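Before any comments, here is the structure.
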């Protein structure tokens, strides 16, 4: 008899060592997330996957599932909090969807749609952020970076290169590149790196691919991310 | 229908491209149905210059200069329900791409340095509204009741929104009608 947890009334099995997110993904239950990608070690920073486990707010991507755990995921209260988090991400960067190549394939945008975000609500920061076009094959546009560290983890753990890192604190936090000049073009980064493929937003874009998929054929044009993810297709990646 | 009081609507485009208004026209023949239920006050379609008391105000575009603020406040004062239509009204949109460029650099580029502008001058007439250093969404200036995102929102989305609103329902876009681009 396998161990089980209950998510919104549905009893699902889990294996020892799995997180709530692991168990939910295996059972095709969508828990909103941005910094999580099952390929990499959980980061637990975006807090979108916050659920209530036995009444306590925890990050589903880092919290180990425990026998008999009763979890609330899809509730009005949690979705309100998630929407507020996404709205803060929007105003903290410069996320101008009509100008972005990633639009329609962007996980930040898709999660916002899923949460019925009608406006960013808060006052915009419009922070000055640097764009780095020095690499021959890849743009780095920090305007759209949400500091999820997926590229950091991919470069470190898969590519074995340590090209990316985060520097600074609070509102001064930013993505930095491991090269003497700080420019991507002077680093060991290659377009074939896993780190070039994992950005959930349009912060890391492969050059000469922009708008190659027409509106109407993009990942989230017809299906919400909750459906795309539970059908087993990894969203927001370059095809 | 004639004895039913029509809903009075005003619209305007601030720092926008009129694309949202073009999208409104994209509801095509349903414009006739719409005109059975509403009458237009100030709007680029009637060319009325000032807003009188209305039921619904629909604002396209963000706020990029002093005149935008005057118009926006006139709308807020006169309209019972104020709607932000399109990406610019909701996020600043494309005009907000200039928000991290110095305004003077921006003017020089547009009026002096751009190719084919030899001898060009930066417009400096007192009739011209004072530009702001940053473009802002309208909800950062006045209270907004409803948001209709899209760049532009499709005719279908505008129709769904308006028919919901006119029927007294909470406007709710279908998944494919809700987009930010």
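Chains as they are written, first to last, in our numbering: chain A, 1 to 239; chain B, 1001 to 1181. C-beta atoms are modelled at their ideal positions from N, C-alpha and C, and glycine is treated no differently. These numbers were taken from a predicted model, which means no experiment stands behind them.
In this structure, residue 1006 (chain B) sits near residue 1038 (chain B), with a CB-CB distance shorter than 8 Å.
Interface with chain B (8 Å Cβ-Cβ cutoff): residue 98 (chain A) is included.
Using beta-carbon distances, residue 1170 (chain B) does not count as an interface residue toward chain A, since no partner is under 8 Å. Cβ neighbours of residue 153 (chain A) within its own chain (closer than 6 Å, five residues either side excluded): 40.
According to the DSSP assignment, residue 1085 (chain B) belongs to the beta strand (DSSP E) that extends over 1079-1085.
Assignment of beta-bridge partners to residue 14 (chain A) by DSSP yields A:3. Taken through DSSP and simplified to helix, strand or coil, residue 124 (chain A) comes out as coil. Shortest Cα-Cα distance from residue 1096 (chain B) to any of B:1028, B:1062 and B:1053 involves B:1062. Residue 1011 (chain B) counts as buried, since no fewer than 16 other beta carbons sit within 10 angstroms of its beta carbon. Contact of residue 202 (chain A) with chain B is not assigned, every C-beta pair being separated by 8 Å or more.
Residue 1014 (chain B) has its alpha-carbon roughly 21 Å from the corresponding atom of residue 1159 (chain B). Uninterrupted alpha helix (DSSP H) stretches at least 4 residues long and entirely within the stretch 1099-1176 of chain B occur at 1103-1108 and 1155-1166, given in chain order. Across the structure, residue 102 (chain A) and residue 1004 (chain B) are spaced so that their CA atoms are roughly 47 Å apart. Under the Cβ criterion of 8 Å, residue 1093 (chain B) is counted among the residues facing chain A.
According to DSSP, residue pairing for residue 53 (chain A) in a beta bridge involves A:56 and A:71. Following the DSSP letters along the chain, one finds residue 174 (chain A) inside the beta strand (DSSP E) bounded by residues 174-177. Distance from the Cα of residue 133 (chain A) is smallest, within the candidate group A:203, A:32, A:36 and A:215, for A:203.
For residue 205 (chain A), the enclosing beta strand (DSSP E) stretches over residues 204-206. Shown here for residue 49 (chain A): same chain residues with a beta carbon closer than 7 Å to its own, the five before and five after excluded, namely 21, 31, 32, 33, 36, 59, 60 and 61 in chain order. Within the stretch 109-120 of chain A, contact with chain B at the beta-carbon level (separation under 8 Å) is assigned to 109, 112, 113, 116, 118, 119 and 120. For the pair of segments examined, the stretch 100-118 of chain A was found to touch the stretch 192-206 of chain A: the number of CB pairs separated by less than 8 Å reaches three.
Around the Cβ of residue 83 (chain A), a 10 Å sphere holds 16 or more other Cβ atoms; the residue is buried. Where residue 90 (chain A) is concerned, the enclosing alpha helix (DSSP H) starts and stops at 76-92.
Neighbours of residue 1084 (chain B) in chain A, taken as residues at a C-beta separation under 8 Å, are given in chain order as 119. In this structure, the alpha-carbon of residue 89 (chain A) lies about 15 Å from that of residue 128 (chain A). Bounds of the beta strand (DSSP E) holding residue 1010 (chain B) are 1007-1013. Here residue 163 (chain A) is not near residue 205 (chain A), since their CB atoms are 8 Å or more apart. Ranked by Cα distance from residue 1079 (chain B), the first of B:1050, B:1102 and B:1088 is B:1050.
Around the beta carbon of residue 1060 (chain B), 16 or more other beta carbons sit within 10 angstroms, so the residue counts as buried. Sixteen is the threshold: since fewer than 16 other Cβ atoms of the shown chains lie within 10 Å of the Cβ of residue 222 (chain A), the residue is exposed. Residue environment analysis places residue 1052 (chain B) among the exposed positions, since fewer than 16 neighbouring C-beta atoms fall within 10 angstroms of its C-beta.
Residue pairing from DSSP places residue 1058 (chain B) in a beta bridge opposite B:1011 and B:1083. Take the alpha-carbon of residue 1103 (chain B) and the one of residue 1087 (chain B): they are about 22 Å apart. The beta carbon of residue 126 (chain A) sits closer than 8 Å to some beta carbon of chain B.
Residue 1091 (chain B) sits buried, since 16 or more C-beta atoms from the chains shown fall within 10 Å of its C-beta.
Here DSSP, grouped into helix, strand and coil, assigns residue 99 (chain A) to helix.
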